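Colleague:
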DNA sequence: GTCTATATACCGATAGAC
DNA sequence: GTCTATCGGTATATAGAC
């Protein structure tokens, strides 16, 4: 009647996710994960046959959670600009955890070295974000809160790029303020 | 009288640089470099004692070349906005080579997994860029080409973040337009 | 300056007992 | 579901001949 101790696979993904955010796909091993979870390396393989399986599953879970967060913003906020500000906060919260990068930002940088399944999951994350942001900017332009000189899809890519890049610059350059300030400054610059 | 065949160390750095731009610090080995250069692994160690030495030297060379490119822009262009457009082109040229990332953008993402010497070199690159961009935006604001609502230092971080992020999003998301379009759209949005 | 050979460690992954 | 033991491969790095 007792199946999985209700959560080992999830704990494995939790640990692997944090390691990817800190060191990247090539920067962690099954042994790292095993030690942090408190089991042995073959036990990790029992839950995820290969490293590609583990990271692809983790990237899909990350994307699903992000999708839920976006849906929650749509429910909680009706003001278009308030939605965009809440979106920035999503990245800020991640970065506030010891300077952790977005999982798919890190994996996107390493895209050339990733298994196909993982690269596909990363592409799905970016597509999800661009679609949501495009709609949000379109609404913000219609409500007169964002200038209409640029196409909404272009503003979406600009926003996503700025936030992903702000994490990289903030971490690599040490002095960078991170996604909170960059997102805030971008929205201020785009105001109608 | 014959010293180094005048260039093996440089060829090693050339190859390692391209591999980092494609796969990251953890994604290439001395053997990869040796094969691409056409020598054996211990010969690479003869020129650079450790991997950290190689990558730190390579990152410093990259920063020096970037510094020269910035100086060349200052000489060739007097118009502040034209200088910013030329800056965008620096990133666009890199990305146009098979979607190569900025060396320090890639290394910045991996910062937590980097030897101290390498991380220091990466931080120097970002600092150089932020300093130059801050001066360029300050001049563009004074000439009336860029809106004055934001501090020049904040616009500098926004621009650098957007360009670094555009490479990550463009590569990871496949559909992304890359730094050329993102930089152009940002400058258009910031116009006075 | 380049080579062969090697030391040592770690990697992802599997076999099979409990 | 977790374990011990291990395979085969590759990593960084060094010793010493040419």
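Residue numbers (the UniProt record's numbering), protein chains in the order written: chain W, 1 to 192; chain F, 1 to 192. The beta-carbon is built from N, C-alpha and C at its ideal position, and this holds for glycine as well. For clarity, every value in this text was computed on a predicted model and none was experimentally measured.
#1: Name the residue from F/171, F/121, F/100, F/120 whose alpha carbon lies nearest to the alpha carbon of residue 15 of chain F.
#2: Evaluate residue 68 of chain F with the Cβ neighbour count: other Cβ atoms within 10 Å of its Cβ, from every protein chain shown; 16 or more gives buried, anything less gives exposed.
#3: Could you pull the start and end residues of the alpha helix (DSSP H) that residue 95 of chain W belongs to?
#4: Is residue 16 of chain W helix, strand or coil by DSSP?
#5: What number of angstroms, rounded off, separates the C-alpha of residue 190 of chain W from the C-alpha of residue 89 of chain W?
#6: State yes or no: is the beta carbon of residue 81 of chain F nearer than 8 Å to at least one beta carbon in chain W?
#7: Pick helix, strand or coil for residue 177 of chain W, following the three-state DSSP scheme.
#8: Kindly confirm or deny that the segment 160 to 168 of chain F and the segment 176 to 189 of chain F touch, where touching means at least three C-beta pairs closer than 8 Å.
#9: From the DSSP output, in three-state form, read off residue 192 of chain W for me.
#10: Output yes if chain W places a C-beta closer than 8 Å to the C-beta of residue 101 of chain F; else output no.
#11: Do residue 59 of chain F and residue 107 of chain F come within 8 Å of each other at the CB atom, strictly closer than that value?
#12: To the nearest angstrom, how far is the alpha carbon of residue 2 of chain F from that of residue 61 of chain F?
#13: Tell me, please, whether the CB atom of residue 171 of chain W is closer than 8 Å to any CB atom in chain F?
#14: Report the partner residues of residue 33 of chain F according to the DSSP bridge assignment.
#15: As a quick exercise: from W/17, W/168, W/48, W/135, pick the residue whose alpha carbon is nearest that of residue 152 of chain W.
#16: Name the residues in the segment 5 to 27 of chain W whose C-beta lies less than 7 Å from a C-beta of chain F; which are they?
#17: Please tell me whether residue 88 of chain W has its Cβ less than 8 Å away from any Cβ of chain F.
#18: Starting from residue 145 of chain F, follow the alpha helix (DSSP H) in both directions and report where the run begins and ends.
#19: Is there a Cβ of chain F sitting closer than 8 Å to that of residue 1 of chain W, yes or no?
#20: What does the alpha-carbon distance come out to for the pair residue 132 of chain F and residue 118 of chain F?
#21: For residue 170 of chain F, which of helix, strand or coil comes out of DSSP?
#22: Taking all protein chains shown into account, do 16 or more other C-beta atoms lie within 10 angstroms of the C-beta of residue 172 of chain W, making it buried, or fewer, making it exposed?
#23: Could you pull the start and end residues of the alpha helix (DSSP H) that residue 66 of chain W belongs to?
#24: Got a sec: is the Cβ-Cβ distance from residue 58 of chain W to anything in chain F below 8 Å?
#25: Which residues in chain F sit within 7 Å of residue 161 of chain W, going by Cβ to Cβ distance?
#26: Looking only at C-alpha atoms, which of W/11, W/18, W/23, W/7 sits nearest to residue 110 of chain W?
#27: Among W/142, W/91, W/8, W/175, whose alpha-carbon lies nearest the alpha-carbon of residue 54 of chain W?
#28: Note down, in chain order, every chain F residue with its Cβ under 7 Å from the Cβ of residue 174 of chain W.
Modeller: So, from the listed chains and residues:
#1: Nearest C-alpha to residue 15 of chain F among F/171, F/121, F/100, F/120: F/100.
#2: Around the beta-carbon of residue 68 of chain F, fewer than 16 other beta-carbon atoms lie within 10 Å, marking it exposed.
#3: In the DSSP assignment, residue 95 of chain W falls within the unbroken alpha helix (DSSP H) covering 80 to 96.
#4: Assigned with DSSP and collapsed to three states, residue 16 of chain W falls in helix.
#5: In this structure, the alpha-carbon of residue 190 of chain W lies about 17 Å from that of residue 89 of chain W.
#6: No, because no Cβ of chain W sits closer than 8 Å to the Cβ of residue 81 of chain F.
#7: Looking at residue 177 of chain W - three-state DSSP - the assignment turns out to be coil, as it is neither helix nor strand.
#8: Yes, since at least three Cβ pairs between the segment 160 to 168 of chain F and the segment 176 to 189 of chain F fall closer than 8 Å, the two stretches touch.
#9: In this structure, DSSP gives residue 192 of chain W a state outside helix and strand, which the three-state scheme calls coil.
#10: Answer yes: the Cβ-Cβ gap between residue 101 of chain F and chain W drops below 8 Å somewhere.
#11: Yes, these two residues count as a Cβ contact at 8 Å.
#12: Confidence in residue 2 of chain F is poor, its pLDDT being 39 and thus under 50, which makes the residue's placement too unreliable to answer from.
#13: At a cut-off of 8 Å between beta-carbon atoms, residue 171 of chain W makes contact with chain F.
#14: Note: residue 33 of chain F sits in no beta bridge, so no partner.
#15: When only C-alpha atoms are compared, the closest one is W/135.
#16: Answer in chain order: 22, 23, 24, 26, 27.
#17: With 8 Å as the cut-off, residue 88 of chain W does not count as an interface residue toward chain F.
#18: For residue 145 of chain F, no alpha helix (DSSP H) encloses it, and the DSSP letter there is neither H nor E.
#19: With a pLDDT of only 44 at residue 1 of chain W, under the threshold of 50, the placement of this residue in the model should not be trusted; the figure read from the coordinates follows. Chain F contact via Cβ: absent.
#20: Annotation: residue 132 of chain F to residue 118 of chain F spans about 22 Å, alpha carbon to alpha carbon.
#21: Helix at residue 170 of chain F.
#22: With 16 or more other CB atoms across the displayed protein chains lying within 10 angstroms of its CB, residue 172 of chain W is buried.
#23: Note, residue 66 of chain W: alpha helix (DSSP H), 51 to 76.
#24: Under the Cβ criterion of 8 Å, residue 58 of chain W is not counted among the residues facing chain F.
#25: In chain order: 162, 165, 166, 169, 182.
#26: When only C-alpha atoms are compared, the closest one is W/23.
#27: The residue with the shortest Cα to Cα distance from residue 54 of chain W is W/8.
#28: Around residue 174 of chain W, the beta-carbon contacts reaching into chain F at under 7 Å are 123.
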